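Residue numbers (our numbering): 606 to 790. For glycine and all other residues, C-beta sits at the position ideal for the given N, C-alpha and C. Just so we're clear, the structure is a prediction, and the values are computed from it rather than from any experiment. First comes the structure, then the notes that go with it.
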């Protein structure tokens with residue numbers, strides 16, 4: 606009798622654990638129904654990050670410490686959120702390339718917002734006390750970021766195009782956002 610009760614208890618515990626785990630997986634994942642939703646979801650996250658980067662760049666140029674810190678914090682929160690959101694996204698029909706390329710770029714943005722951008726913020730808040738070494742460091746940081754981003758951005762662009770071609774979608778450039786990027790904010 607004790608064995609029977611113990612077995613019932615163990616089975617009940619396993620069932621409850623299984624149900625709890627399966628609910629947790631469902632609550633922590635994002636599922637889209639169409640390839641267009643999948644494409645728009647990922648690019649939508651990128652379109653949340655880019656304006657924050659442009660705002661941070663404008664704040665740097667202002668040299669206003671409070672504004673720089675505020676914009677950096679907003680950027681850090683957005684990159685973290687976008688990485689989390691894309692990680693939760695279930696690959697559409699087994700897609701791994703597009704999602705992976707997006708995650709690599711977003712994780713890069715997250716990394717630079719926590720490292721290089723923090724260093725840049727410290728330098729830019731010096732304002733009139735900036736030295737030639739400071740200018741050289743900013744130049745080197747920017748060059749390094751641009752070189753690394755270029756590769757990741759191209760990888761995402763290629764993966765996006767391949768995904769869109771597979772499902773016969775025509776990609777259109779976000780002209781408004783591209784104009785802001787070209788103008789530097």
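- A residue is called buried when at least 16 other Cβ atoms come within 10 angstroms of its Cβ; residue 651 meets this threshold and is buried.
- Here residue 761 carries a helix assignment [DSSP, helix/strand/coil].
- For the region 699 to 745, not one full-length beta strand (DSSP E) segment reaches 3 residues or more.
- Assigned with DSSP and collapsed to three states, residue 637 falls in coil, not helix or strand.
- The region 692 to 700 makes no contact with the region 663 to 673; the number of CB pairs closer than 8 Å stays below 3.
- If you compare the alpha carbons of 665, 700, 708 with that of residue 686, the shortest gap goes to 708.
- Nearest C-alpha to residue 761 among 748, 722, 701, 674: 701.
- Taking residue 728 as the centre and dropping the five residues before and after it, the same chain places the C-beta of 735, 739, 742, 743 closer than 8 Å to its C-beta, in chain order.
- For residue 715, the CB contacts under 7 Å within the same chain, skipping 5 residues up- and downstream, are 684, 685, 688 in chain order.
- Under the DSSP assignment, residue 775 falls outside any alpha helix (DSSP H); it carries neither an H nor an E label.
- Looking at the backbone, the Cα of residue 722 and that of residue 656 are separated by about 15 Å.
- Here residue 661 has 676, 677, 680, 722 as same chain residues with Cβ atoms under 7 Å from its own Cβ, once five neighbours each way along the sequence are excluded.
- Cβ neighbours of residue 752 within its own chain (closer than 6 Å, five residues either side excluded): none.
- Secondary structure note for residue 694: it is in no alpha helix (DSSP H), with a DSSP letter that is neither H nor E.
- Per DSSP, reduced to three states, the secondary structure at residue 650 is helical.
- Judged by DSSP in its simplified three-state form, residue 669 adopts coil rather than helix or strand.
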